[in-house]
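Some notes on the structure that comes next.
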Amino acid sequence: MSKGRFGVHGGQYIPETLMNAVIELEEAYNHYRNDPDFVRELDELLAEYAGRPSNLYYAKRLTETLGGAKIYLKREDLNHTGSHKINNVLGQALLARKMGKTRLIAETGAGQHGVATATAAALMGMECVVFMGEEDTKRQALNVYRMKLLGADVIPVKSGTATLKDAVSEAMREWTSRIDDTHYCLGSVMGPHPFPTIVRDFQAVISKESREQILKKEGRLPDAVIACVGGGSNAIGSFYNFINDEGVRLIGCEAAGRGIDTFETAATINTGRLGIFHGMKSYFCQNEYGQIAPVYSISAGLDYPGVGPEHAYLHDIGRAEYVAITDDEAVNAFEFLSRTEGIIPAIESAHAVAYAMKLAPTMDKDKIIIVTISGRGDKDCAAIARYKGVEIYE
Amino acid sequence: MSRIADAFKNGKAFIPFLTCGDPDIETTEKIIREMVAAGADLIELGIPFSDPTAEGPVIQEANIRGLASHTTTDTVFDLVRRLRADITVPMVFMTYANVVYSYGADRFISTCEQAGIDGLILPDLPYEEKDEFMPLCEKYGVELISLIAPTSEGRISMIAKEAKGFIYIVSSLGVTGVRSSITTDIGSIVSVIRQSTDVPCAVGFGISTPEQAAKMAALSDGAIVGSAIVKIIAKYGRKAPKYVGEYVRSMKDAIR
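In order, the protein sequence lines correspond to chains A and B. Going by our numbering, the first residue of the first sequence is number 1, and it counts up by one from there. Going by our numbering, the first residue of the second sequence is number 395, and it counts up by one from there.
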C-alpha cells in the first residue's frame with residue numbers, strides 16, 4: 001500500500017509529472033512541522049494576524065429556543081478573512097516560502113479559500129492565481145472582487161459543471177505546467193498525499209482549542225461535535241482532537257442539495273461509492289461507469305463530488321457519522337441562527353447548524369454540543385435572498 | 395512476444411490517439427481502420443472520462459463529445475471486438491483510473507484480454523500506485539504502460555526497470571496539447587532509460603508536425619500524437635476518417 005493511507009482511502013493518484021513535487025512537499029513538511037522556528041512563526045501568524053484562538057461561544061438563546069442540549073459555537077467565522085480556511089493557508093504559504101516557492105495557486109468553491117490564499121500571498125509578497133468555477137464566480141461575485149483587490153488573478157473555469165471540482169482539476173493542470181516556482185495551496189483535506197495530512201494538521205488547531213475551551217468552561221468533554229463536510233477540512237479540524245475520546249459523537253453534515261433521493265445532491269458519503277479521483281481513493285458521486293456526477297448544492301463550498309479520505313475512513317470504522325442536510329434546511333438554519341443569536345453563518349456552516357437544530361431537542365439539557373461555524377455568511381446574503389425570491393444588487 | 399512489441403518492428407513507431415465516440419462510435423471505428431491502412435503501428439484508444447485532469451482543452455472537448463454520444467466502457471469494448479475481427483495492429487486504452495476501478499478492475503482487465511486490448515495507459519496511476527492494477531494486468535497479460543515525465547529526475551531508473559510494453563515519455567510539462575516547440579532533453583531521458591531496460595520508448599505530448607515527429611522519433615523508438623488528430627476530428631466530424639488517414643500517412647512517412 002502506498003503512502004498517505006487512511007484504511008483503503010487516500011494515496012497518490014496523480015500524473016508522474018507531479019510525483020517529485022508531492023515528494024518534495026512531504027519532505028519539506030516533515031522537516032518544518034517540528035522546526036521550532038517554523039512552529040513559532042506560524043503560531044505568531046495565527047495569533048497576531050488571524051486572530052486565534054477563536055471563541056467558543058455559548059449560544060444561550062439558540063439553546064433555550066431549541067430546548068435541549070447546550071450548544072456552543074466554535075467561531076471560525078471570526079477569523080481574519082472570515083473562515084477557517086486561513087488556518088491552513090497560513091501554514092501552507094509559510095511552508096511554500098520556506099521551500100523557495102514564489103507563487104501560490106489555489107482552487108476555490110465559495111471563494112473563502114481563494115480569499116484566504118490571496119490574503120496570505122499578499123502578506124508574504126507572493127504571486128497568486130485562483131481557479132474558480134465560472135458558475136461560482138457568479139454566485140460568489142463579492143469574493144471574486146475581494147481576491148482581485150488582494151492582488152490575485154482569478155481564472156473562471158468553464159469546463160465540466162463550472163464548479164469546485166472543475167476548479168480543482170484546472171489547478172492540478174496548472175500545477176503540472178509550472179512546478180518550479182509554484183506551490184499548489186490545496187484548500188481541503190483531499191487530493192494526493194501529503195495534502196490530506198498537511199491540511200488536517202493545520203486545521204486541527206480548531207479542536208485543539210475547542211477541547212481546552214470546553215474543559216475550561218464546562219469541566220468536561222462535549223457529547224457531540226458537529227461540522228459541515230464538503231472536502232471536509234473544517235470538519236476534520238473540528239473532530240481531530242476528539243477522535244480518541246470515544247464518548248464524543250462526531251457528526252459531519254453533507255450537502256443534500258434538493259435531497260439525497262434526487263440527482264441534485266452533493267452528499268458524497270450518503271450517495272457515493274468508492275472510487276479514484278483528484279489524486280485520492282475515497283467516496284465519490286459517480287455513475288455506473290465511474291463518470292463523476294455533476295453534483296449540486298446551494299452551497300458553493302460543499303458542492304463537491306468527493307470527500308477527504310480520512311472522513312471516508314472515519315465513516316468506514318464508524319467513528320464519525322455523516323448526515324445529509326438539504327438546501328431548505330440549511331437556508332432555514334441560516335435565518336434561524338441570524339435571528340436567535342445575531343450571527344450570520346456561512347451557508348456551508350448553516351448545514352451544521354441545521355443538524356444541531358434537529359439533534360439538540362432530542363438530548364437532555366445537561367448534554368453539550370459544539371457546532372463549528374466555519375465561516376461568516378456575508379458572502380451568501382445575495383444568493384440566499386435570490387433563493388427566497390428577493391432580488392438584491394451587490 | 396506481445397503484440398505491443400510488434401509495433402516497434404516496422405522502423406520507428408507512429409502511435410495515433412483518438413477519443414472513442416467522438417463524434418460517434420461508428421466514426422471512431424472508421425477512423426481507426428483508416429489509421430491502420432495509413433500505417434499506424436499502435437493505436438491509443440481514449441475511453442472518455444468526465445474529468446480528464448491530464449488533458450488540455452482539445453482532448454477535454456473530445457471527452458465531452460464522446461460522452462455526449464453515449465459512449466460507455468461497454469460500447470468501447472464492443473468497438474474493440476468489432477475491430478479485432480480483422481485488425482492485428484496493437485491497441486491500448488488511454489483512460490483514467492476511476493474508469494477501470496469503477497467497472498471492477500478484474501472485470502475491466504479480463505475484458506481487455508478477451509476483447510483484444512494489449513495495454514493500459516492511466517495518466518493518474520504513477521509508479522507508487524501501480525499495484526492497484528498491476529497484479530491483474532499480469533494475470534491477464536495486459537501491459538500496464540509506464541510514463542516518464544520531464545520532472546522524473548531520480549525516478550527514471552526505478553520506473554524503467556519495471557516497465558512493460560513500451561515507455562511513454564511525456565515530452566513537456568503541463569497537459570496534452572499541441573506545442574510550437576519541445577524543449578525537454580529527450581535524448582538524455584532515453585539514455586538513462588536505456589541503462590535499465592530495452593523496452594521501447596515513445597514520445598508524446600505536444601507533437602503535431604511531421605518535423606516534430608521525425609525529431610522525437612529519431613531520439614526514441616516512436617512518436618505519439620493525440621491533440622493534432624483530435625483537432626482534425628473536431629473539424630471534420632463524421633467526414634474525418636479520410637483526413638485522419640492522410641495525416642497519419644504523412645506522419646508515418648516522416649518518421650519511417
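Beta carbons: idealized from backbone N, C-alpha and C, even for Gly.
Exercise. Whose Cβ in chain B lies nearer than 9 Å to the Cβ of F277(A)?
Worked result: D445, T447, Y490, A491, N492, D518
Problem set entry | chain A contact for G598(B) (CB, 8 Å cutoff) | no
For this session: Answer with yes or no whether the minimum CB distance from Y13(A) to chain B is below 8 Å.
Result: yes
Exercise. M132(A) CB to nearest chain B CB: under 8 Å?
Worked result: no
For this session: Compare the Cα-Cα distances from I269(A) to each of I243(A), F242(A), A324(A) and report the closest residue.
Result: A324(A)
Problem set entry | Interface partners of M172(A) on chain B, CB under 7 Å | T447
Exercise. Does the pairing of the stretch 304-319 of chain A with the stretch 8-24 of chain A give three or more beta-carbon distances under 8 Å?
Worked result: yes
For this session: Please go through the same chain and pick out, in chain order, the residues whose beta-carbon is closer than 6 Å to the beta-carbon of F202(A), but skip the five residues on each side of it.
Result: N87, N88, G91
Problem set entry | CA-to-CA distance, Y630(B) to A648(B), given in whole angstroms | 23 Å
Problem set entry | Rounded C-alpha distance that separates A399(B) from F560(B) | 8 Å
Problem set entry | chain B residues whose Cβ lies nearer than 9 Å to that of Q286(A) | S444, N492, S496
Problem set entry | Backbone secondary structure at G460(B) - three-state DSSP | helix
For this session: Spell out the partners DSSP gives K70(A) in its beta bridges.
Result: I368(A)
Problem set entry | Endpoints, beta strand (DSSP E) assigned at Y289(A) | Taken as a continuous stretch (DSSP letters only), Y289(A) belongs to no beta strand (DSSP E), as it is neither H nor E.
Exercise. By Cβ distance below 6 Å, which residues in the same chain neighbour T447(B) in space, the five residues on each side in sequence not counted?
Worked result: none
Exercise. Taking the C-alpha atoms as reference points, what is the distance between K367(A) and R319(A)?
Worked result: 19 Å
Exercise. Short check: CB of G232(A) to CB of S188(A), under 8 Å?
Worked result: yes
For this session: Please report how far the alpha carbon of Y355(A) lies from the alpha carbon of N332(A), in whole angstroms.
Result: 11 Å
Exercise. What are the start and end residues of each continuous beta strand (DSSP E) run of 3 or more residues lying completely inside the stretch 299-386 of chain A, in chain order?
Worked result: 320-326, 368-373
Problem set entry | Members of the stretch 532-559 of chain B near chain A, C-beta cut-off 9 Å | S540, L541, I542, A543, P544, T545, S546, E547, G548, R549, I553
For this session: Tell me V154(A)'s beta-bridge partners as DSSP assigns them.
Result: V130(A)
Problem set entry | Status (buried if at least 16 other CB within 10 Å, exposed otherwise) for L392(A) | For the record, residue 392(A) in the displayed sequence is Ile; it is not Leu. I392(A) should be labelled exposed.
For this session: Please report the Cβ distance between R258(A) and D327(A), rounded to the nearest whole angstrom; I am assuming they are in contact, meaning their Cβ atoms lie under 8 Å.
Result: 6 Å
For this session: Determine the burial state of A432(B): buried for a count of at least 16 other Cβ atoms within 10 Å of its Cβ, exposed for fewer.
Result: buried
Problem set entry | Length of the line joining the Cα atoms of G342(A) and T65(A) | 14 Å
Exercise. Mapping DSSP to helix, strand and coil, what is C506(B)?
Worked result: helix
For this session: Provide the residue span of the alpha helix (DSSP H) that contains A607(B), from first to last.
Result: 604-613
Problem set entry | Boundaries (first-last residue) of the beta strand (DSSP E) holding A407(B) | 407-413
Problem set entry | chain B contacts made by the stretch 152-183 of chain A, where a contact means CB separation under 8 Å | S159, G160, K165, D166, S169, M172, R173, T176, S177, R178, I179
Problem set entry | Inter-residue spacing [alpha-carbon to alpha-carbon] between G498(B) and E209(A) | 44 Å
Problem set entry | M190(A) - DSSP class collapsed to helix/strand/coil | coil
Problem set entry | Cβ-based neighbour list, E107(A), same chain, cut-off 6 Å, excluding 5 preceding and 5 following | F131, A167, V168, A171
Exercise. Skipping 5 residues on each side, what residues in its chain have a beta carbon closer than 7 Å to that of G67(A)?
Worked result: P361
Exercise. Alpha carbon to alpha carbon, how far is A352(A) from A385(A)?
Worked result: 20 Å
Problem set entry | Residues sharing a beta bridge with A434(B), DSSP | Answer is none; A434(B) lacks a bridge partner.
For this session: Determine the direct distance from the alpha carbon of M552(B) to that of M19(A), and round the result to whole angstroms.
Result: 13 Å
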